[in-house]
Amino acid sequence: MTAQVELYDTTLRDGAQGPGLSYSVEDRLRILHKLDQLGVPFVEGGWPGSNPRDTEFFRLATEEALKHATLTAFGMTRKAGEAATASPVLRHLLEAGTEVVCIVGKAWDLHVTETLRTDLDEAVAMVRDSVAFLRGEGRRVFFDAEHFFDGYRSDRSFALRVLRAAEDAGAERLVLCDTNGGMLPNDVARIVGEVWAGVETPLGIHVHNDAGCAVANSLVAVEHGVRQVQAVVNGYGERTGNADLIPIAANLTLKMGAECLPDGSIERLTEVAHYVAEVANLAPDSRQPFAGRYAFTHKAGLHASGVERLARAYEHVDPEAVGNRSGVVASDLGGAATLRMKAAEFGLELSDGAVPRTLEELMEREARGYTFEVADASLELLMRRASGWRQPFFEVDSYRVHVEERVGDDEPPLAEATVKVVTKGTRHIESAEGHGPVGALDNALRKALVNDYPELEHIALEDFRVRVLDETHGTGAVVRVLIDTSNGRAGWTTVGVSENIIEASWEALVDGYLFGLLHPRDAA
Ligand SMILES: [Zn+2]
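Going left to right, the sequence shown walks through residues 11 to 534 as this note's numbering numbers them.
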């Protein structure tokens, strides 16, 4: 089978419903760009009007230059008894300014009579009017038929009427949703096949993982005629999550001969999976098919030596095909080839001697809890250091921070930091305050450096994220800090790891400044 399959990513909308997930507008833009680089053709950005963050995201994202991805906005049909022209939801959808919109409508009679408390004819009209209205406003429309599979089993003629209403009104895709996530592959195969025989419009599939079958259901739907697959990177989403885009893309490409991403993109799946986990501030799933750290890690002994002799006898695909690797300690960045590619991105040329040194350093650091998927700036510094580079800008003598809380007053605790550094032969001692210890250290370091490096005035700490890692190291838990720094034109991320949160923050902070000095914003 050779088919064109269209991936529709909903990490930023349906996937953002997962417990413990909260993406800032910046996070969303990062994920959008990562998916664009990967070559995902449709990226759903959110539900405009549902909250200020979604609205702000669309304002910024519609101005971004995207190479592969078309940004889409999500909403629902007009309400029962409402005119489409009067629907605030549809108006917000138009205001998002995307070329493509996706709207959801009810396809299960039970929901119409019990949740919407209206009749089936009105439910069909809600879909038809809403699609027609959006088409009239010049939008391309995808239609998500909510609870389609349950609806089809309950009242097949109603479920099909809903689809036909969307089709007649001009929807470009009819997306069959297993919203409760309980379907098994056999059900999906049969129902998709039956529906496909009766409509002209390309179908899509959107499934949740409540029965543990989301990936299987998505693949079987493709086999039975579905063109579009809606999925979420790492399968995040409410309850047990959405269908995971990573194994879906890998299986489609490597096993089903389908084209779903540009050439060369599949090799980046592992990196993208880990990147999105880092932005979500969740530990990457070590057992995730294809991308997990253990996905190709064989247990030691006979089996492992067998792998060395004849990998294909023990591995379902070549781990490098998805940017992963086999081995006991799997470096997230894979082997020498990936490393060279990364170095080229930074404009560095790694000497032959530097490659094994960098790999060794990387693996050693990853074992201690570092992660470099997001922290590109730290990775560049690590590569430079492994090649023998020593930073010429400043030397740190010492730093100190204390936090004072006056018990009983309403003011937040105040932090004060003192930093001693040497720049160009001169010793600077500077103190500064901040709302937290990291803010105070940042202010003091900037003050100490700005004498000799006035360009650092533009540098600002934008965000920092802390994660306590599960792996315990000696007596204490290890803390990883990621810091985002910006010079007003470009932003970068650095990482620090320690049992001490201040030390981890300091490491990330210093590397953030170093990177800023290496890449001044006024350089061409
Ligand atoms: Zn959903």
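For each residue, glycine too, the CB sits at the ideal point set by N, CA and C.
Bear in mind that the values here come from a model prediction, so they are computed numbers and not experimental data.
CA-to-CA distance, residue 441 to residue 457, given in whole angstroms = So the two alpha carbons sit approximately 8 Å from each other.
Where residue 310 sits in the DSSP three-state scheme | With a pLDDT of only 42 at residue 310, under the threshold of 50, the placement of this residue in the model should not be trusted; the figure read from the coordinates follows. Assignment of residue 310 by DSSP, reduced to helix, strand and coil, places it in the coil class.
Bridge partners - residue 240, DSSP secondary structure assignment = Note: residue 240 sits in a beta bridge opposite 18 and 216.
Residues near residue 263 by beta carbon distance below 8 Å, same chain, minus five either side | Apart from sequence neighbours up to five positions away, the residues of its chain that approach residue 263 with a beta-carbon distance below 8 Å are 269, 270, 271 and 276, ordered along the chain.
What residue does the alpha helix (DSSP H) around residue 193 start on, and which one ends it?
-> That residue, residue 193, is in no alpha helix (DSSP H); it is neither H nor E in DSSP.
Length of the line joining the Cα atoms of residue 301 and residue 38 | One C-alpha to the other measures close to 21 Å.
Which ranges would you report for the alpha helix (DSSP H) in the segment 358 to 440 if only whole runs of at least 4 residues count?
-> Within the segment 358 to 440, the complete alpha helix (DSSP H) runs of at least 4 residues are 364 to 378 and 386 to 396.
Start and end of the alpha helix (DSSP H) containing residue 44?
-> Note, residue 44: alpha helix (DSSP H), 35 to 48.
Would you decide whether residue 422 is buried or exposed? Buried here means 16 or more other CB atoms lie within 10 Å of its CB.
-> Answer is exposed; the Cβ neighbour count stays below 16.
Coil, strand or helix - residue 137 by DSSP = Helix.
Within this structure, are the beta carbons of residue 470 and residue 496 separated by less than 8 Å?
-> Yes. Within cutoff.
Looking at C-alpha atoms only, which residue of 216, 201, 285 and 377 is the closest neighbour of residue 252?
-> Looking at the Cα atoms, 216 is the closest of the given residues.
Rounded distance between the beta-carbons of residue 380 and residue 505, thought under 8 Å | Yes, they are in contact, since the Cβ atoms of residue 505 and residue 380 sit about 6 Å apart, within 8 Å.
Closest by C-alpha distance to residue 95, when choosing among 21, 65 and 138 = Of 21, 65 and 138, the residue nearest in Cα terms is 138.
According to DSSP, is residue 154 helix, strand or coil?
-> Under the three-state reduction of DSSP, residue 154 is assigned to strand.
Beta carbon of residue 291 nearer than 8 Å to that of residue 477 | Yes, they are a contact pair.
Nearest CA to the CA of residue 35: which residue from 66, 43, 45 and 202?
-> Taking only the C-alpha atoms, the option nearest residue 35 is 66.
Taking only the alpha-carbon atoms, compute the straight-line gap between residue 332 and residue 299 and give it to the nearest angstrom.
-> Taking the straight line from one Cα to the other gives about 10 Å.
Any heavy atom of ligand 1 closer than 7 Å to the CB of residue 252?
-> Flag set: Cβ of residue 252 near ligand 1.
Where does residue 516 sit, in a helix, a strand or coil, going by DSSP?
-> DSSP places residue 516 in helix when its eight states are reduced to three.
Flag residue 189 as yes when its Cβ comes closer than 7 Å to any non-hydrogen atom of ligand 1, and as no otherwise.
-> Correct: residue 189 has its Cβ closer than 7 Å to ligand 1.
Helix, strand or coil for residue 260, going by three-state DSSP, please let me know.
-> Three-state result, residue 260: helix.
Where residue 536 falls: helix, strand or coil (DSSP) = With the chain running from 11 to 534 in the structure shown, residue 536 is simply not present.
Around the Cβ of residue 294, are there at least 16 other Cβ atoms within 10 angstroms (buried) or fewer (exposed)?
-> Buried: at least 16 other Cβ atoms inside 10 Å.
Residue 439 classed as buried or exposed, judged by whether at least 16 other C-beta atoms fall within 10 angstroms = Answer is exposed; the Cβ neighbour count stays below 16.
Which of the three DSSP states, helix, strand or coil, is assigned to residue 474?
-> Strand at residue 474.
For the beta strand (DSSP E) holding residue 54, just list the boundary residues, first then last.
-> Segment 52 to 54, the beta strand (DSSP E) holding residue 54.
Burial state of residue 312 (16 or more Cβ within 10 Å) = Below a pLDDT of 50, predicted positions are generally treated as unreliable, and residue 312, at 48, falls in that range; the measurement from the model is reported next regardless. Exposed, since its Cβ has fewer than 16 Cβ neighbours within 10 Å.
Compare the C-alpha of residue 537 against each of 362, 321, 528 and 186 and name the closest.
-> Residue 537 cannot be examined here, being either before or after the span of the chain that is shown, 11 to 534.
Go ahead and pull the three-state DSSP assignment for residue 351.
-> Correct three-state label for residue 351: helix.
Measuring CA to CA, which of 399, 166, 513 and 324 is closest to residue 452?
-> Residue 513 holds the alpha-carbon nearest to the alpha-carbon of residue 452 among 399, 166, 513 and 324.
Who are residue 183's beta bridge partners in DSSP?
-> Paired residues: 152.
Taking buried to mean at least 16 other C-beta atoms within 10 Å of its own C-beta, is residue 129 buried or exposed?
-> Flag for residue 129 reads exposed.
Between residue 170 and residue 208, which are expected to be in contact by the criterion C-beta below 8 Å, what is the C-beta distance as a whole number of angstroms?
-> Confirmed, Cβ separation roughly 7 Å.
Using the C-alpha atoms, what's the distance from residue 103 back to residue 15?
-> Distance from the CA atom of residue 15 to the CA atom of residue 103, rounded to whole angstroms, is 26 Å.
On the three-state DSSP scale, how would you describe residue 490?
-> Residue 490 falls in the strand class under three-state DSSP.
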